[in-house]
Amino acid sequence: MAEPLFDMSATGRPRILILGGTTEARQLAERLASDSRYDAAISLAGRTADPRPQPLPTRIGGFGGAEGLAAFLRERRIALLVDATHPFAARISLNAATAAEMTGTPLFALRRPAWEAGPGDRWTCVDSVAEAVSVLGDAPRRVFLAIGRQEAFHCEKAPQHSYVVRSVDPVMPPLDLPDVTTILASGPFAQADEVDLLERHRINVIVAKNSGGAATYGKIAAARQLGVEVVMVERHRSADVQSVGDCDAALERIHQWLSPVKDRGV
Ligand code: NAP
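Quick note, the sequence shown lines up with residues 192 to 457 if you use the numbering used here.
Put into structure tokens, the structure is as follows:
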């Protein structure tokens, strides 16, 4: 049975809802789980077939749009919403901003900074996975596709390339391509292992999302080491929400914002 979210009979401890699905969300959940000042829970979309257990009470599945999330915030009397979803999960972040405004719930985002190209990097920056596939060009190439499974179908537009596709869960339906190798794995991925993967599969271009963070940076460092091109899908501008870049800053923000609320006995 699912662990109950929030003790609705209790007052005094402000309730925090984390929208998760990232390493940073888990780190924040770990820190809040051992902090008796707050009553916190985490929400996951339910995309991963076998998610790792979370350190906080967990709900899984969509809310039913911004209205559904707003109703949840009202019913559970949430004092603070933390959007710690992935930088490419645009819809839930927009819903969070809308629901927070509808209900007057304080909201901030925990968003890891984007990676920046440095000396030796060979990046081609694009705005979408569809554009990334089109800039691969007409001549056949050996592509490492490291963008997760949801948008992998765009590759079917360019079947002349050979693909190595890595994702946590299998791409469904399977890609309709003449030459595709699938790897099921979840990070973190070390640079040395990524170098080995690129060499073993004779990869000459990587398609990646600019996710930021250390866990998946290994492939970017490996590409630099081997002089391999990276087609980098950049982030879209997100809703105008205050954000912090790491877990320590998130905790500081929580303490700042919730101390006065706690004093009011919410
Ligand atoms: P999305 O397109 O922004 O969201 C689609 C819908 O999924 C949302 O409208 C919402 O449904 C539901 N949803 C998303 N995150 C949720 C959460 N934390 N709790 C409850 N419902 C959630 O999101 P996505 O790109 O499919 O990503 C889904 C999840 O995977 C996110 O939690 C994200 O952090 C994680 N993730 C995404 C990526 C990526 O590249 N996009 C990579 C790694 C991890 P309702 O409208 O019904 O509420």
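Even for Gly, the Cβ is constructed at its ideal location relative to N, Cα and C.
Here's the rule I'm using: 16 or more other beta-carbon atoms within 10 Å means buried, otherwise exposed. How should D274 be labelled? Around the beta carbon of D274, 16 or more other beta carbons sit within 10 angstroms, so the residue counts as buried.
Which one or two residues does DSSP pair with R357 in a beta bridge? DSSP, once it has assigned bridges, lists I374 as partnering R357.
Report yes or no: do three or more beta-carbon pairs, one from the segment 258-273 and one from the segment 294-305, lie closer than 8 Å? They touch, by the three-pair rule.
Can Q416 and V386 be called in contact, C-beta distance under 7 Å? Going by C-beta atoms, Q416 is nearer than 7 Å to V386.
Could you tell me whether the Cβ of V419 comes closer than 7 Å to any Cβ of chain B? The chain labelled as chain B is not found in the depicted structure, where only one protein chain is given.
Below 8 Å, how does it come out for the segment 237-252 and the segment 277-293: are there three or more Cβ pairs, yes or no? Segment contact: the segment 237-252 against the segment 277-293, fewer than three CB-CB distances shorter than 8 Å; contact not assigned.
Looking at V435 and A441, is the spacing between their C-beta atoms short of 7 Å? Closer than 7 Å, so yes.
Can the beta-carbon of A261 be found closer than 7 Å to that of T315? It is not a contact, given that the beta carbons lie outside the stated cut-off.
Identify the residues that DSSP records as bridge partners of E390: which are they? BP columns for E390 are empty, so no partner.
Report buried or exposed for M423, applying the criterion of at least 16 other Cβ atoms within 10 angstroms of its Cβ. So M423 ends up on the buried side.
Exposed or buried, what is T407 when buried is set at 16 or more other beta-carbons lying within 10 Å of its beta-carbon? Answer is buried; the Cβ neighbour count reaches 16.
Compute the distance between the beta-carbons of P331 and G403, then report whether it is under 7 Å. No, the pair does not count as a contact, with Cβ atoms beyond the cut-off.
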